[in-house]
Each structure stands twice: as C-alpha cells, then as structure tokens.
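Peer 1:
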C-alpha cells in the first residue's frame, strides 16, 4: 500500500470569504469583457450623443419660450393695414418693416424663409398672412422658429397698438407681456428657478427616463446572474465548482461580482447623464435645470443594490430551477412585468405622487425601486417616511429572497434536465440549515 | 425514517473506527421521496489506495460521492473526510471528475484551469504554471488559449482530467472516468489515475467498466439499491467467487466427467474445458487424474471468475432476493 502524509501544510488558507471574492472577481471580469455588456453600456452614451446631435439639427438656435426674450433672426413685416408702426422696434423685438416688393426679393433670394403681411383689414379681422417662396411642406425646425416669431410678433403688435395710448409705460409693458413666472423657494435656498410650468417636458421625461434606465440596469444585471447560473448548470461546470465552493459563498460571489459589473454600467450611464444634461440644457433649457443631487444619487445607489439583490436572488433561483438557459430566460421575462409596473403607471405619479396607488407601488418590494425614484424626482421634498418604510420592506425582502434562493440553489442545481416540483421547491425553501 | 434492510454478505467487516482512513462512511442513509437511494452504506478508503466503486445504473454511486463532497447531506449515518466533517475545510484537498462534466465554453481553457486551481487554494500564478505544465503533458499546450467550445470532445475531457488533478489532491474522486474516451485517451487516463494513487492519494473510481476496475483497483465496493453487496480486496472477492473451477487447455482432454472422481461437472469454454470440482476436491487431485489419461495438457489453471461475472452474479442474486422480499 502506497501512503504519504495526509494534508499539506504549505497549502494556503482558504476561507469562504476568500472563495466568494475569487468567484466575484472572475464573474466581474468575465462579464465586463463580454461584447453584450460593452455594447449595452455604450448604448446610453451613444444615445446621448445622438440626442445632442438631433437637438442641434432640430433647434438651430435658442427659441423664445413663454416669458423669455426672443433671440432669433429678425422678422420681416409688410404693413398694409392702417396701424401705425413705430419707426424703431421696441427692445428685444427685431421687426423689420419692408414693402411687398422687398418681401418678394427677400424670399426669392432666400434671405428670409418667410415674411409676415398685415392685411388691410387686419384691425377688423386680425388676419395676418405669411408669405413663403413655395407651398411645399415645412421642416421640423421651422415649426419652432415660427412659433417663437408669432409670440414675438404678437407682443410687437400689442406694443404698436398701445403706442400713443397715454397709458403709463409700466402698464403698457404689462399689457404687452403680462407675466414672467419664476419659482421662489421659501426654504432659503439660493437663487430662483424658472417656473415649474416651464419644466413640463423635463418633469415628465427626466424621471421617466431615469427610472427606465434604472430598472433596465437592475434587470440587465440580474440577467447576468441568471445567465451565469443557468450556463454553469447547462455546461455541467457547476458540479466541479460546487466541489470547491459551498453554495452560499458561490452565490454571494456571483451577486457581488455581477452587481459590481452592473454598478459599473450604471456609473457610466450616470456620468454620461451628468455630462450630457448641461450640454443638452444649452439647447433645451428645461433639461439644464434638472439636477441629480447627492441625496437622490445616494438613494438611487441604495435602491439599485437592494433591488438588484431581490431580483438577482429570484433570477438565480430561476436559473437553478430551469432545466435550460432558454427556459430560464422565459421565466425571468415574466418577472420583468413587476419591474415595468412603475413605468406603466407614470401617469399616476405625475397626477398625484401622494395617491394610494403610488404609495402602494413604492412600498411593494418588487416595484419599489422604479417607483421610489419617480417619487423622489417628482416631489419637491423627499417623503422620508414613505422612502424609509419602502427601504425597510425592500431590505427585509432582499434578506428573505437571498436565503430562500440559496436553499433552492443548493437543492436543485444538480438536477440536470429535470424540472423540480413545486413541493420540492417549497421543501427546499422551508428546509433548516 | 428509512426502513431497515437486511445486510447482504460481504467479504470484509464494517469500517474500523479510529483507523487512518481518508474517507469513512458509516451507516449512511439518503432518501429521495419514498426511495432509499443509499441504505445503511459503510466503507472506507485509505491513502494510496484505489477503490473501485461499482454498481449498476441508479445504484446510488453518484449520490454517495456527492455526500462525500458535501454537495448533498445524508439523512442518517456519518461521513468523515480526512478525519473531519465534509465541507469547505477539506474541499481544497479533493479532486473531482464528475460524471456530468463540462467546461466554460467561452473561456480559454488555461483561464478556466487557473480559476479552478485558485478555488482549490493555489495562487493564480501557481495555478497557471501547473495548468500549462499539465496541458503540456497531455499534449494540449498549443491550444491552451483556445476556448473550450473550439476543442474536440476528447480534448475537453483531457482538460477536465487536468482540472481534477491540478492541485495534487490527497483524495481523487473520478465518476465514470472512461465514459466516451477513445482507447488512446483511456490509456492516458489510466496512467494518470495510477500515478495519483502511486504518489499517495486515495482514489475512488466509480465505473461500469469492469475490466478497468479489475486492472486498476486495490479494493472494490459493489452496491445496488444503495446497499453494499461486495466490499473487499480484489483477490479476496475473486477467491470468494472462484467456485473451485479449474480451466484446462490441451489435446484429448476428457469431455466426460466419468472416471474423474474430483469433478462434479464440466463445460467447454472457448477452446478450453472448465472443470467444476466436487466439494473437498483439490486442483492437484484433478491434475493427477488427468495425467493418468492420455491427455496432453498445454495449460492448467485454477479459474477465477472475472469481475464482470461476479458483478452480474451478485447483482442478479440481489435483485432476486429483493423480488422475493417484495
């Protein structure tokens, strides 16, 4: 009988934490080097660049919104009405009065895309004609320009009508432009912001897009976990791995490594958003005013981690249960419905962030991540009671989901090509130790 | 609670508590649903020993191996590995080649091996160095950076064998290692398994291939329905089943037992004749009786049944007994 001393004193110590970190490192490296990950991560910065290019194409210059000064090119006006126009236009209203012949020349030489004509019956009918070169359709950029021109022209005509009325200048000014809305914070925060009325697009789009990306990143990251577990099962590697690493550190390592990959992706997206929003703000002022404060970012991070653990644990269990990767992906797709619910009900969030539906969606763990971020983005002040309760429930669910998933993971991972019964799954979840 | 089952006869006593065993399995039970997959199983294996773990499909071999590896837990009984409870503390000293085996398909094989080596406690550098050396030994060094998906099935099996021995385990468990291997690779695997045993590792080899078990194993353990049917050294098992048969090859060998006092019966086996001796008769007595005839003897040997014959006889007898009991 051949014998040797059992044990090897030179073999390095090997704890479960060390094993979990080894698994995490491998999963992280493997995931971030995947073409799918690189492409998915680059999609958002590329989309942001495309958006900036598009806004440059559509919006060649700043347009006048409600209550803001006109800063576009001069507006040409032919006056055939009886209204006496001022010889010099009021400040901020670059109107050039021309004759009909000059207007025709301007249009033919393409020095002006349109010239406005005050008809002879204007005072009676208010009819203004817009002279253009041909009757062909208009491009998208002209819509915004003409909208701004009409706003300015209306102010110009009001100013002309009031000229010589004897009304005090300040009254005349208020008739020309009755309001310029600004928000005045009463909590002492510095400066004033444009009216929330002017932020309608940002109010809707930014939290929606932010929540969408956020939920997307949770699902993409959880999807990596599902893929990793089901691939190891399908490739039959799992038995070799489990003979070296117990199930819990194996799962912890996977959650850690793939969560790190997900966080990397989210970080790249956030940096993109932080860089792109101010740039986009020069074209779309409403976007420039949207800011991701440190508290919102911190909350986003906490919700991402907890949301990922919840969905990741569920997806890992699905990966362990499903006989094949494709089947696992089908089951996980069903779980995506939960994540999408807050986006489906975005209207309810916009209408009333205090409604019972919004509160319920913010408290239910599987819908909490997407809901809470919308609430935080829409509310002037963070509703800490709701958010705290939501985080508490989400955290508790994350613990339960992880423990249950680890038990399912251990009980079913080695059942190749077999779909365990619900009874087996329930027994695994309720098993002790 | 598992039902008590009668213990079939074996060739060796139960495990000796306190011995220097690498693995000791004592009275272990495992039930899935209403089926006892492993029933009151006991055995042990010592350092430098190669145990053939035999049994028909579904006998409970893989379940037993998974319990030794702590992938599943026994319902009753005790398993000790390196003198302790199976678990993470000893996993680094075990090499495992499972029956259901695979590799990461989209990763270079040397990276996969380095990862497995690191999980077994080697430094990344050392794991990589050993992986390259062993890949070279099995002729796979040129494809070390290739992905597993790009390799042939035979190459992948070699990589899996390398993964099992990379960290020089004190206990090597190979489950159906010859399955799907061509003769050249089977020979290579035989050499690797013997080398591991010769350097002092305890080796458990689960296999259906009796000729491999017969050629390689020091001891065998045969189970069916989770119960131990045979357990002992190869020679003791064979001696137990020799049945006093003598095989004779030559010219004019009598084909009728009349006149041969020591012979109970005979039958032709290929170009030889197998004589079954009467109780108390010896091979020497038969030789003298044959010498007294005009037979020209080329070969005279005490016949021992092959391991495959023993396997079939024992399993069939057990199934008959099970059927009778049922």
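Residue numbers (this note's numbering), protein chains in the order written: chain H, 1 to 433; chain S, 1001 to 1326. Here a beta-carbon is modelled for each residue, glycine too, at the ideal position from N, C-alpha and C. These numbers come from a predicted model, not from an experiment.
(1) Taking the beta carbon of residue 366/H as the centre, do at least 16 other beta carbons fall within 10 Å, making it buried, or is it exposed?
(2) Report the residue from 154/H, 167/H, 163/H and 166/H whose alpha carbon sits nearest the alpha carbon of residue 177/H.
(3) Report yes or no: is there a C-beta of chain H within less than 8 Å of the C-beta of residue 1116/S?
(4) Rounded to whole angstroms, what's the CA-CA distance from residue 388/H to residue 372/H? Just pull it up for me.
(5) Please identify the residue among 294/H, 368/H and 26/H whose C-alpha is closest to the C-alpha of residue 396/H.
(6) Please tell me whether residue 258/H and residue 319/H are closer than 8 Å, where the distance is taken between their beta carbons.
(7) Between the C-alpha atoms of residue 420/H and residue 1048/S, what's the straight-line distance to the nearest angstrom?
(8) Just by C-beta distance, which residues in the region 1091 to 1109 of chain S are closer than 9 Å to chain H?
(9) Would you mind telling me which residues of chain H sit closer than 7 Å to residue 1189/S, beta carbon to beta carbon, in chain order?
(10) To be precise: take each residue of the region 1150 to 1172 of chain S, compare its Cβ to all Cβ atoms of chain H, and keep it if any distance is under 7 Å. Which residues remain?
(11) What is the DSSP secondary structure of residue 28/H, reduced to helix, strand or coil?
(12) Determine, using beta carbons only, whether residue 437/H and residue 253/H come nearer to each other than 8 Å.
(13) Please list the residues of the region 258 to 271 of chain H that have a C-beta atom closer than 8 Å to any C-beta atom in chain S, keeping them in chain order.
(14) In chain S, what lies closer than 9 Å to residue 245/H by C-beta?
(15) Starting from the beta carbon of residue 26/H, find every residue of chain S whose beta carbon is closer than 8 Å, and list them in chain order.
(16) Where do the N-terminal and C-terminal ends of the alpha helix (DSSP H) with residue 1185/S fall, by residue?
(17) Going by other Cβ atoms of all chains shown within 10 Å of its Cβ, with 16 needed for buried, is residue 66/H buried or exposed?
(18) Check whether the Cβ atoms of residue 1024/S and residue 1080/S sit closer than 8 Å, and answer yes or no.
(19) Should residue 1290/S be flagged as near chain H, meaning a C-beta pair shorter than 8 Å?
(20) Determine the contact status of residue 1173/S and residue 1068/S, defining contact as a CB-CB distance below 8 Å.
(21) Note down the Cα distance separating residue 408/H from residue 315/H, rounded to an integer number of angstroms.
(22) Is the beta carbon of residue 434/H less than 8 Å from the beta carbon of residue 231/H?
(23) With a threshold of 8 Å between beta carbons, is residue 22/H in contact with chain S?
(24) When you compare only the Cα positions, how much space is there between residue 1279/S and residue 1093/S?
(25) Give the DSSP-derived three-state secondary structure of residue 1208/S in the structure shown.
(26) Of the residues that make up the region 1046 to 1080 of chain S, which ones have a beta carbon closer than 8 Å to any beta carbon in chain H?
(27) Out of 1119/S, 1241/S, 1162/S and 1120/S, point me to the one whose CA is closest to residue 1139/S's CA.
(28) Quick one: which chain S residues come within Cβ less than 7 Å of residue 236/H?
(29) Flag residue 429/H as yes if its beta-carbon sits less than 8 Å from any beta-carbon of chain B, otherwise no.
(30) Measuring only the C-alpha atoms, how far is residue 191/H from residue 378/H?
(31) Any beta-carbon of chain S closer than 8 Å to the one on residue 327/H?
(32) Please list, in chain order, the chain S residues whose beta carbon lies closer than 8 Å to that of residue 19/H.
(33) Rounded to the nearest angstrom, how far is the Cβ of residue 1204/S from that of residue 1310/S, given a contact under 8 Å?
(34) At the 8 Å Cβ level, is residue 16/H part of the contact set with chain S, yes or no?
(35) Would you identify the three-state DSSP class for residue 249/H, choosing helix, strand or coil?
(36) Leaving out five residues before and five after residue 208/H in sequence, what residues of the same chain have Cβ atoms less than 6 Å from its Cβ?
Peer 2: Checking against the coordinates, here is how it stands:
(1) Counting from one through the first chain, the residue named residue 366/H turns up at place 366. Buried: at least 16 other Cβ atoms inside 10 Å.
(2) Position 177 of the first chain holds residue 177/H. Distance from the Cα of residue 177/H is smallest, within the candidate group 154/H, 167/H, 163/H and 166/H, for 154/H.
(3) Residue 1116/S sits at position 116 when you count from the first residue of the second chain. Cβ-Cβ to chain H under 8 Å: yes for residue 1116/S.
(4) Taking the first chain and counting its residues from 1, the one referred to as residue 388/H is at position 388. Taking the first chain and counting its residues from 1, the one referred to as residue 372/H is at position 372. Those two C-alpha atoms are separated by around 10 Å.
(5) Numbered from 1 along the first chain, position 396 holds the residue referred to as residue 396/H. It is 368/H whose Cα lies nearest to the Cα of residue 396/H.
(6) Here residue 258/H refers to the residue found at position 258 when the first chain is read from its first residue. Here residue 319/H refers to the residue found at position 319 when the first chain is read from its first residue. Going by beta carbons, residue 258/H and residue 319/H fall outside the 8 Å limit.
(7) Locating residue 420/H in the first chain gives position 420, counting from the first residue. Locating residue 1048/S in the second chain gives position 48, counting from the first residue. In this structure, the alpha-carbon of residue 420/H lies about 40 Å from that of residue 1048/S.
(8) Residues of the region 1091 to 1109 of chain S with a C-beta atom less than 9 Å from some C-beta of chain H are 1091, 1092, 1093, 1094, 1095, 1096, 1097, 1098, 1099, 1100, 1101, 1102, 1103, 1104, 1105, 1106 and 1107, listed in chain order.
(9) Translated into positions along the second chain, residue 1189/S becomes position 189. Within 7 Å of the CB of residue 1189/S, no CB atom of chain H is found; the nearest one sits about 17 Å away.
(10) For the region 1150 to 1172 of chain S, which is checked against every Cβ of chain H, the residues closer than 7 Å are 1163 and 1170.
(11) As a working mapping, residue 28/H is identified with position 28 in the first chain. Reduced to three states, the DSSP call for residue 28/H is helix.
(12) Residue 437/H lies beyond the stretch modelled for chain H, which goes from 1 to 433, so this question has no answer here.
(13) Listed by position, the residues of the region 258 to 271 of chain H near chain S (Cβ gap below 8 Å) amount to none.
(14) Taking the first residue of the first chain as 1, we reach residue 245/H at position 245. In chain order: 1088, 1091 and 1119.
(15) Taking the first residue of the first chain as position 1, residue 26/H is located at position 26. Here the neighbours are 1115.
(16) As a working note, residue 1185/S is residue 185 in the second chain. Where residue 1185/S is concerned, the enclosing alpha helix (DSSP H) stretches over 1183 to 1198.
(17) Here residue 66/H is taken as the residue at index 66 of the first chain, counted from 1. Confidence is the limiting factor: at residue 66/H the pLDDT is only 46, short of 50, which leaves the residue's position unreliable, though a coordinate-based value still follows. Flag for residue 66/H reads exposed.
(18) Indexing the second chain from 1 puts residue 1024/S at position 24. Indexing the second chain from 1 puts residue 1080/S at position 80. Taking 8 Å as the cut-off, the Cβ atoms of residue 1024/S and residue 1080/S count as close.
(19) The residue given as residue 1290/S occupies position 290 in the second chain. The beta carbon of residue 1290/S does not come within 8 Å of any beta carbon belonging to chain H, so the residue lies off that interface.
(20) For this step, residue 1173/S is matched to residue 173 along the second chain. For this step, residue 1068/S is matched to residue 68 along the second chain. Going by C-beta atoms, residue 1173/S is nearer than 8 Å to residue 1068/S.
(21) Reading the first chain from its first residue, position 408 is the one you call residue 408/H. Reading the first chain from its first residue, position 315 is the one you call residue 315/H. Distance between residue 408/H and residue 315/H, taken at the CA atoms: about 11 Å.
(22) The question about residue 434/H has no answer, for chain H in this structure spans 1 to 433.
(23) Indexing the first chain from 1 puts residue 22/H at position 22. Residue contact with chain S for residue 22/H: present (Cβ-Cβ distance below 8 Å to some residue of chain S).
(24) For the purposes of this step, residue 1279/S is taken as the residue at position 279 of the second chain. For the purposes of this step, residue 1093/S is taken as the residue at position 93 of the second chain. In this structure, the alpha-carbon of residue 1279/S lies about 50 Å from that of residue 1093/S.
(25) Taking the second chain and counting its residues from 1, one reaches residue 1208/S at position 208. Of the three classes helix, strand and coil, the one that applies to residue 1208/S here is coil, per DSSP.
(26) Taking 8 Å as the upper bound on Cβ-Cβ separation, chain H lies near residues 1046, 1047, 1048, 1049, 1066, 1069, 1070, 1071 and 1072 of the region 1046 to 1080 of chain S.
(27) As a working mapping, residue 1139/S is identified with position 139 in the second chain. Taking only the C-alpha atoms, the option nearest residue 1139/S is 1162/S.
(28) Here residue 236/H refers to the residue found at position 236 of the first chain. Per Cβ cutoff of 7 Å: 1100, 1101 and 1102.
(29) The structure shown contains no chain B; its protein chains are H and S.
(30) On the first chain, residue 191/H is found 191 positions in, with the first residue counted as 1. On the first chain, residue 378/H is found 378 positions in, with the first residue counted as 1. Unreliable placement is indicated for residue 191/H, whose pLDDT of 48 sits below 50; no coordinate value is reported for it.
(31) Taking the first residue of the first chain as 1, we reach residue 327/H at position 327. No, no contact with chain S.
(32) Here the question's residue 19/H lines up with position 19 in the first chain. Simply 1088 and 1119.
(33) Residue numbering aside, residue 1204/S sits at position 204 when the second chain is read from its first letter. Residue numbering aside, residue 1310/S sits at position 310 when the second chain is read from its first letter. Not a contact, Cβ separation roughly 19 Å.
(34) Within the first chain, numbered from 1, the residue matching residue 16/H stands at position 16. By this cut-off, residue 16/H is an interface position.
(35) Taking the first residue of the first chain as position 1, residue 249/H is located at position 249. If DSSP states are grouped into helix, strand and coil, residue 249/H belongs with the helices.
(36) Position 208 of the first chain holds residue 208/H. For residue 208/H, the CB contacts under 6 Å within the same chain, skipping 5 residues up- and downstream, are 346 in chain order.
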